[in-house]
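Right, one structure below, let's go through it.
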Amino acid sequence: MYKIFLCFRYLTRKGIVLFPVLAVWLCVMMLIIVNSIMTGFVNRVRDAGRSLMGDVVIQSDSMAGFPYYRQIQKQLALLPQIKASTPVISGYGLFNLPEFQVNTGVQVMGVKADSESKVSSFGSSLFWQYKAPMQAVQDLRGVGFPASRKKLLAYAQKRLLSAAKEEHARQQAFADLKPISSHAWFASIRRHWQVISHEDYQQAVYKENRADRDLRMVQALPNRSFANAAALRKALVPRAPTFAPPPQAANRYMTASDEPKSGCVIGVDIGLYKRDRFGHYHRPPGVRFSPVIITMVPVTIKATLAQPQSRRFVIVDDSRTRVYAVDSKTVYIPFHVAQKMAFMQQQDLLDGGVRPGRCSEIQVLVRHDSSEVNILAARKAIAHVVHQLELLHPQMEIAGIRVRTWDQVQAEYIRAVDNERNMITFLLGLMSLVVVIVIFLIFYMLVRDKTRDIGIIKAIGGSEEGLGVIFILYGMLISSAGAILGLFTGVWFVRNDNWIHDHILWRIFGISIWNRKIYVFSKIPDQVDPHAVMWIVIFAILAGLLGALIPAIIAARQDPVEALRYE
Amino acid sequence: MNNVQPNTGSSAPKPLLELIKINKTFRLGPADVRVLTGAGLTVYEGEFVALVGASGSGKSTLLHIAGALESADEGSVMFQGQDLGRMSRRSRHRLRNHSFGFVFQLYHLLPELSVLENVLLPAMVCAPWYKACIRARPGKRRALELLEQLGLKDRLRHRPSQLSGGERQRVAIARALINEPALVLADEPTGNLDPKTGQTILDVLRGLHKGSGQSILLVTHDVNIAAQADRVVTLRDGKIVDSTPSVT
Chain P
1 MYKIFLCFRY LTRKGIVLFP VLAVWLCVMM LIIVNSIMTG FVNRVRDAGR
51 SLMGDVVIQS DSMAGFPYYR QIQKQLALLP QIKASTPVIS GYGLFNLPEF
101 QVNTGVQVMG VKADSESKVS SFGSSLFWQY KAPMQAVQDL RGVGFPASRK
151 KLLAYAQKRL LSAAKEEHAR QQAFADLKPI SSHAWFASIR RHWQVISHED
201 YQQAVYKENR ADRDLRMVQA LPNRSFANAA ALRKALVPRA PTFAPPPQAA
251 NRYMTASDEP KSGCVIGVDI GLYKRDRFGH YHRPPGVRFS PVIITMVPVT
301 IKATLAQPQS RRFVIVDDSR TRVYAVDSKT VYIPFHVAQK MAFMQQQDLL
351 DGGVRPGRCS EIQVLVRHDS SEVNILAARK AIAHVVHQLE LLHPQMEIAG
401 IRVRTWDQVQ AEYIRAVDNE RNMITFLLGL MSLVVVIVIF LIFYMLVRDK
451 TRDIGIIKAI GGSEEGLGVI FILYGMLISS AGAILGLFTG VWFVRNDNWI
501 HDHILWRIFG ISIWNRKIYV FSKIPDQVDP HAVMWIVIFA ILAGLLGALI
551 PAIIAARQDP VEALRYE
Chain D
1001 MNNVQPNTGS SAPKPLLELI KINKTFRLGP ADVRVLTGAG LTVYEGEFVA
1051 LVGASGSGKS TLLHIAGALE SADEGSVMFQ GQDLGRMSRR SRHRLRNHSF
1101 GFVFQLYHLL PELSVLENVL LPAMVCAPWY KACIRARPGK RRALELLEQL
1151 GLKDRLRHRP SQLSGGERQR VAIARALINE PALVLADEPT GNLDPKTGQT
1201 ILDVLRGLHK GSGQSILLVT HDVNIAAQAD RVVTLRDGKI VDSTPSVT
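One line per chain: the protein sequences are P and D, in this order. Mapping the first sequence onto the numbering used here, position 65 (from 1) lands on 65, and the numbers just tick up by one. Mapping the second sequence onto the numbering used here, position 91 (from 1) lands on 1091, and the numbers just tick up by one.
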């Protein structure tokens, strides 16, 4: 009993104990913040990678792709664990937007917009077209509402309905807008190659992408409130994205031959939009529906370059995957167009035979929950299907088809980031040994300071074990107090890191440590890993124990008579 | 000569503490210093014994050995018929807590604790952990009685640093008595006090002895103080050379 009593007395009446508490506090807070941001980063990279390619990817080693993808898809459709699959053409090309003087090398992805949206997050990554429901909810979460579903829903309803009212007012304002005259239209083409359309006005109004997302969601919603989150999600069902250029785009061209037949989707970071330091994109009016020329360099099945293929497209949307490397280098065009441009379409041969159409990869979505076990099982089944078809069609074998899960495809990158996180946490943990030393030194001083007390306690019957327990308990209380403070402040900091960065560091002090132009993500990614936090707290308490251990042993072994004589 | 029976007026008093042929040597640097050489002493129940001797004669060492704070190199210490040398560490701790009450020259109070808490501390040592709550603290009533008896009732919440030397020593005496020990071991309790305050402290000890028959072994180098004990034992060069009933 006297052990607990003396512990609390020393704790409350010794000012010096504030220093180890402070050391443990800062250390725990620092470790939690670093670990959470790194974990958030790794998971965001993971999620981004997965959302780009589905659960399982069938890829070819050859740049010329692999044939019989339709047969593979048909067989996959028979597998119970497969929900959807979509073929993709991937190739390199040039992107030329004359109106905005943008000329750059890009990765051209030929996708089927509807099926691609089922397998990957392609649909929800589009700006102008509808977002996937969960993405919309997550976006709301991302704007500073990490609250419960109930609060989130209330916020969503309020925000969406207020946006609906604003939109209604705007629609009224634009209702009187007259169609542009033919004279003005020709003049406009001569001057800027662009027409100020009704939609362009609307685009100009919504420069801030968040407001626009809300608008898009509102447009999809009936004007009513929702009973629960599921009802909200149900109402937010996305419309299948399309590459079709809108009818008014056709009016821009002098002759029908100039008219682009296909739309394209550009990566949001391809260089057309201004992006402020908070990650918001400012889209100049007129970018949408602008004509672009995309040139692809096809690779033959004999791995030689063929004649480059150029086509005119019209920008129908932009895509934001939140992965800078993708958004800055990727242009999406319709699958069948890409197939032709890459010389991968079905071809009739001179000998009367048919060369089957090819694709670069097939992305597959697994049914049920996308747990690792499920995905691995699905991968095995898919690999079996592919192998069976390879036996039937030797051409497939030549293509060197590989079936990998999303995790395996990006394993190297993820592993690197993962290792980085572990290394940083380890290094910081190593630095945190300073805490052990601080506690040791302070406790050593304390034991020296309390030498006479130790003698007194022994004289009145205190045992060696009892004295050891006093100092160990003391160390544990100090480290626990620091760890708990560190836990709460660390989690609070992580929860509010973007707010602290934007409103305190940037707005008050003008300091920006998270440059969105350098890092992939527009917001500081963070995710508190409860397991990691638990270990950090345990480690901190153990560090306190370790620091107090030697002084406690010294105290326990102190000779009472010598201790009483100590001055 | 060492075991002169006290003239307490009662018949055949029982020996409380027996120190038999105690030898103790300290190593000071390269040299061994023999402090006690076959020292023997018996303290009977209800006796007030003063141990006198010059500085460095081994008085405090003998007291520490008697109080199980230190062990002898040779010889045995018997307390209430039990050999301290054969006791387990745990039993010795319990003995120090229950049966001995120490009063030191420099008071040795814990500076972080109040007067009441200092007095209660020995009672807390033997109490179970779940009685840590201040209201349920064991021995609180006795502590209050003792402090009232010693004139410290209005000083309960004071810290030792806020007390005078005499008051501190009275707190130390109250602490020594909280567990109702069989023997109070006082090591120069007046050594750090002025003669008047020293006499007050001595009066307190004598009052305890006379009032409740408390056995006391008091170490002092002051013969005037020693003279107020029942018996005076003289230690010279590590040996008990004289043990005579006090003339007062």
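All residues carry an ideal CB built from backbone N, CA and C; glycine is no exception. Source: prediction; values computed, not measured.
| Item | Value |
| --- | --- |
| Enumerate in chain order the residues of its own chain whose CB-to-CB distance from D:L1156 is below 7 angstroms, with the five nearest sequence positions on each side excluded. | S1114, V1115, L1116 and L1147 |
| Residue range of the beta strand (DSSP E) that D:M1078 falls in? | E1074 to F1079 |
| Taking the CB atoms as reference points, tell me whether P:Q339 and P:I89 lie closer together than 7 angstroms. | yes |
| Drop a sphere of 10 angstroms on the beta-carbon of D:K1024, count the other beta-carbons inside from all chains shown, and report buried for 16 or more, exposed for fewer. | buried |
| Can you list, in chain order, the residues of its chain whose CB lies under 8 angstroms from that of P:A306, leaving out five sequence neighbours each side? | V297, P298, V299, T300 and F343 |
| Can you tell me the Cα-Cα spacing of P:K112 and P:P241, whole angstroms? | 10 angstroms |
| For D:I1225, tell me which candidate among D:L1036, D:A1031 and D:L1051 has the shortest Cα-Cα distance. | D:L1051 |
| Closest to P:M109 by C-alpha separation, out of P:C264, P:L76 and P:H531, would be which residue? | P:C264 |
| Checking 7 angstroms against the spacing of the C-beta atoms, do P:V366 and P:Q81 come in under that value? | yes |
| Kindly list the residues whose CB is nearer than 6 angstroms to the CB of D:S1099, restricted to its own chain and excluding five residues on each side of it in sequence; keep chain order. | P1181 and A1182 |
| State yes or no: is the beta carbon of P:D453 nearer than 7 angstroms to at least one beta carbon in chain D? | yes |
| Alpha carbons only, please: which of P:V537, P:F41, P:S360 and P:R421 is nearest the one belonging to P:M63? | P:S360 |
| For P:I456, which residues in chain D fall below 7 angstroms Cβ to Cβ? | H1108 and L1110 |
| So, is the C-beta of P:I439 closer than 7 angstroms to a C-beta in chain D? | no |
| Using a 10 Å radius around the Cβ and a threshold of 16 neighbouring Cβ atoms, would you call D:F1026 buried or exposed? | exposed |
| Using a Cβ-Cβ distance under 7 angstroms, would P:I460 count as near chain D? | yes |
| When DSSP labels each residue in this structure, what does P:Y2 get in the three-state scheme? | helix |
| Would D:A1031 be called buried (16 or more neighbouring beta carbons within 10 Å of its own) or exposed? | exposed |
| Under 7 angstroms, do D:R1231 and D:S1057 count as touching if we go by C-beta distance? | no |
| Could you pull the start and end residues of the alpha helix (DSSP H) that P:A84 belongs to? | Element bounds for P:A84: not the alpha helix (DSSP H) but the beta strand (DSSP E), I82 to L97. |
| Which residues in chain D have a C-beta closer than 7 angstroms to the C-beta of P:R448? List them in chain order. | Here the premise fails: no neighbours, minimum Cβ distance about 15 angstroms. |
| Could you check the C-alpha separation between D:Q1199 and D:R1089 for me, to the nearest Å? | 37 angstroms |
| What are the boundary residues of the alpha helix (DSSP H) that includes P:S51? | L18 to M53 |
| Measure the C-alpha to C-alpha separation of P:I508 and P:A377 and round it to an integer number of angstroms. | 53 angstroms |
| Starting from D:N1023, find everything on chain P with Cβ-Cβ shorter than 9 angstroms and list it in chain order. | Near D:N1023 there are no residues of chain P at all, since even the closest Cβ is about 17 angstroms away, more than 9 angstroms. |
| Go ahead and pull the three-state DSSP assignment for P:T12. | helix |
| Taking only beta carbons into account, state which residues of the segment 467-483 of chain P come closer than 9 angstroms to chain D, listed in chain order. | none |
| Count the other C-beta atoms from every protein chain shown that fall within 10 angstroms of the C-beta of D:H1064, then say buried if there are 16 or more, exposed otherwise. | buried |
| Could you tell me the alpha carbon to alpha carbon distance between D:S1076 and P:V434, rounded to whole angstroms? | 49 angstroms |
| Would P:L467 and P:I454 qualify as a contact pair, given that the criterion is a beta-carbon distance under 7 angstroms? | yes |
| Report the three-state DSSP secondary structure of P:C7 (helix, strand or coil). | helix |
| In chain D, which residues lie with their C-beta within 7 angstroms of the C-beta of P:P560? | L1069 |
| Can you list the beta strand (DSSP E) stretches of 3 or more residues lying completely in the segment 1141-1216 of chain D, in chain order? | 1183-1187 |
| For P:Y324, which residues in chain D fall below 8 angstroms Cβ to Cβ? | Neighbours of P:Y324 on chain D: none; closest Cβ ~59 angstroms, over 8 angstroms. |
| Under 7 angstroms, Cβ to Cβ, is there at least one residue of chain P near D:N1097? | yes |
| Check distances from the C-beta atoms of the segment 7-20 of chain P to those of chain D and list, in chain order, the residues that come in under 9 angstroms. | F8, R9, Y10, T12, R13 and K14 |
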